[in-house]
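Numbering (full-length UniProt numbering), first residue to last: 1 to 860.
All C-beta atoms, glycine included, are put in the ideal place defined by N, C-alpha and C.
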């Protein structure tokens, strides 16, 4: 970070540590950043940073996030808003439990000691939180309402229990949602994930798939485009048809989904997921040899992750099940194969294979020598335009060049035909375009009762069961007669038991199941013996609605106040890492829509604006406690001070870019802050001076910053604001040292504006400057000063004069100069006259006050 101030005396006088300690004590005493209540008539802004997980002290990746959050919160206070900026801790989860197991301790002890450490760091950082609203998701007062929410979802048919293949982490001994598997590995511990069949609790997020997808249109321009696209891709809506196939010797029809029902005549085989119930049923009806091959193949498949199975460059494998499906449009017998490129939990777990027009099907067909039937002629025109016939020199038609259908046969080339074209080999569909053929085929299927228009989604229902102790207990009871009943609302919260006597070591089942005095209870309806569900909830349930609990965190009668939600929500500015673009944001959007349907909120999207910051890197890698690759938050502030760290982070680059911590200069930030502080120290005029009597040149720099900074902050160009602030500091120092001096009213005005804008980035220093300038606390609550429009007009500008496209002169001219006057000045400039010489001027274009373009030609 550059600074023209190199005097060591400045840094010695500017004592960051004492300034920091002084103002933190004042803020703690007066609590100036608490959000106003109902009596506060200012417009409201809800600013929220994604809350931290309490795994030790925070590192500089967290510091970056919370520095940006504070910039936004402080800015809106200056702009006259009643700002809510709360903080809490996402305090349930695997890391706390694993740490407790390693230490032989209670997860509560580890969690809450880390929270206190992080609170200390955040306060030392000068963050302007409303500390009256702190929440911890591991408090019974919070997870009470997780359980209440689960019961409401259950009442609406959105929470259910089923057996299915799940992602299983052998290391953490718990299931994972699809979103928690990254490149085939557990996102928490990095171990390879396997498939396992278990009975688990799910939330029916797929019921909201269309709304989750369509409502993204509301967020265009307010969320980063890449996040919107990631959400769209994850939901993955496909439009096509459900097609019913009869299976020889199987009592029930099997339905497949296809986006290309027009290619049904090209289906030459049938594929089922090997780990599906259908595959097991079909194999069970085959001979012993097929059953043996299938069993061996299934074991191999279970050792592969979904990511591996979906890889396009992986060799295709499979087992023929000795069974046949019947094509509903032509009666063809299609051999049924179990193949791992079809997944059990996507679509219906079965596909009709059209190898000529699908690359994965083609690869499989070529691997097992299965037939390939082309039903779309991609060489045929689809526009209906009249072809142009060219003639040779003798007037004979020239044969059009191009590939024949034979020359691009997929069975020979290995390349599927996926382009547009006309239908062939498809009966009544022959000659139709793709779009028309799809519609016509759906009509035929519906008329025959063998299919219907349908949609399919990549999105799966949300698996929330976890086989661990440190989470929200699922409030359901299992009775002796096999019923599953909810815990009554008046018995909530179902509290976690003491860990005394419990072995928390992962074993594949929840440790809660071994807590006999906790798990054994009674059926509230009959009084008969019952057992509590031993699983706990995925911690993404905790964070799916926490932004609403901040509105009334101490309320013991309801999860949140709908009246407060109407006043404050949705969140105006939500700030956090892009790594949560799918996981957390999707779940929060889902729960918000459910709450809307329940009439508890009057909005359908939880976060109006989303700001994603880049990562803070160390040695080119993301900071991570598990990898020992981090700079701790508290340690980073000890020498330079919190303000220098905040300024250095904000100045390091655009918010969305990654930052290499080794390139961040806190030393340069210290020098800049010392220089700004010294300006306030040197001001030699009283409050109330008439600023208009000051140096107009310095006043123009001041008012340009006042005018430009709001737009820059709203665009999250924080680094540009600091650069402009440095410009004003330098201009003010120059005015003090070489201009009218420290008594100039323009110097005082500039110093006050520096303090106000600096509050966004370096609040301790800004408060100290404000006091030195003769004002009472708090600069963080000072209304943004309005720029004087007369000072935003440049007195002069530099006009560029081009001759035949080359710059030949620059001229300082009045900003309001007219086109005629500017042309006259340009023509009379000696440099232009020399350049034109004897040539004739044929055209002059004037764009006053910036450009004159002269075109010439040789004289006649």
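For residue i, the nearest candidate out of the options (CA to CA)
i           : options               : result
residue 342 : 716, 39, 646 and 274  : 274
residue 68  : 725, 781, 289 and 615 : 615
residue 489 : 150, 66, 133 and 64   : 150
residue 166 : 104, 50, 303 and 280  : 303
residue 224 : 780, 171, 728 and 607 : 607
residue 706 : 441, 727 and 653      : 727
residue 804 : 589, 856 and 292      : 856
residue 220 : 665, 609 and 101      : 609
residue 542 : 588, 824 and 561      : 588
residue 834 : 619, 807 and 847      : 807
residue 278 : 312, 214, 344 and 538 : 344
residue 328 : 356, 296, 248 and 818 : 248
residue 534 : 514, 522, 545 and 525 : 514
residue 746 : 703, 716 and 767      : 703
residue 569 : 253, 362, 602 and 206 : 602
Limits of the alpha helix (DSSP H) - the one that residue i falls within
i           : result
residue 835 : 830 to 836
residue 120 : 107 to 124
residue 70  : 60 to 78
residue 855 : Premise fails: residue 855 lies in the beta strand (DSSP E), 851 to 857, not in any alpha helix (DSSP H).
residue 668 : 666 to 682
residue 484 : Where residue 484 is concerned, there is no enclosing alpha helix (DSSP H), although the beta strand (DSSP E) it sits in stretches over 484 to 486.
residue 277 : 277 to 284
residue 777 : Unbroken run through residue 777: none, as it is neither H nor E.
residue 806 : Counting along the chain, residue 806 falls outside any alpha helix (DSSP H), though it belongs to the beta strand (DSSP E) covering 806 to 814.
Bounding residues of the beta strand (DSSP E) (the contiguous stretch that carries residue i)
i           : result
residue 478 : 476 to 479
residue 147 : First-last for residue 147: 140 to 155, but that is the alpha helix (DSSP H), not the beta strand (DSSP E).
residue 444 : No beta strand (DSSP E) contains residue 444, which is instead part of the alpha helix (DSSP H) from 434 to 448.
residue 297 : Premise fails: residue 297 lies in the alpha helix (DSSP H), 288 to 302, not in any beta strand (DSSP E).
residue 46  : 44 to 49
residue 574 : 573 to 577
Proximal residues to residue i (C-beta, below 8 angstroms), its chain only, five neighbours per side dropped
i           : result
residue 82  : 35, 36, 40, 42, 43, 44 and 45
residue 753 : 702, 705, 706, 728 and 785
residue 555 : 561
Burial state of residue i (16 or more Cβ within 10 Å)
i           : result
residue 19  : buried
residue 369 : exposed
residue 522 : exposed
residue 146 : buried
residue 783 : exposed
residue 765 : buried
residue 238 : exposed
residue 861 : Lying before the first or after the last residue shown, residue 861 is absent from the chain, which here runs from 1 to 860.
Nonlocal neighbours in the same chain, by C-beta distance under 7 angstroms from residue i, ignoring five residues either side
i           : result
residue 934 : Limits of the chain in this structure are 1 at one end and 860 at the other, which puts residue 934 out of reach.
residue 154 : 486
residue 429 : 262, 423, 437, 440 and 441
residue 538 : 177, 464 and 466
residue 136 : 88, 89, 91, 115 and 142
residue 121 : 57, 58, 633 and 634
residue 386 : With a pLDDT of only 38 at residue 386, under 50, the local geometry of the prediction cannot be trusted, and the value read off the model is given with reservation. The answer is none, since no qualifying residue turns up.
is_contact[residue i, chain C] using C-beta, thresh 8 angstroms
i           : result
residue 273 : Of the protein chains in the structure, only one exists, and it is not chain C.
Identity of the residues DSSP links to residue i by a beta bridge
i           : result
residue 32  : Per DSSP, none; premise fails for residue 32.
residue 88  : 135
residue 168 : 175 and 194
residue 595 : Its beta-bridge partners do not exist; DSSP assigns none.
residue 335 : 324
residue 423 : 376
residue 618 : 621
residue 632 : 59
Close beta carbons around residue i, own chain, < 6 angstroms, minus the five adjacent residues each side
i           : result
residue 209 : 235, 457 and 459
residue 851 : 800
residue 422 : 377, 380 and 431
residue 322 : 286 and 290
residue 129 : 85 and 87
residue 272 : 278, 279, 338 and 350
residue 452 : 242 and 446
residue 255 : 242, 244 and 348
residue 518 : 497
residue 384 : Bear in mind that a pLDDT of 45 at residue 384, under 50, signals an unreliable position, so the number given afterwards is only what the model happens to contain. None.
residue 181 : 167 and 193
residue 402 : With a pLDDT of 49 at residue 402, under the threshold of 50, the predicted position of this residue should be treated as unreliable, and no value is reported.
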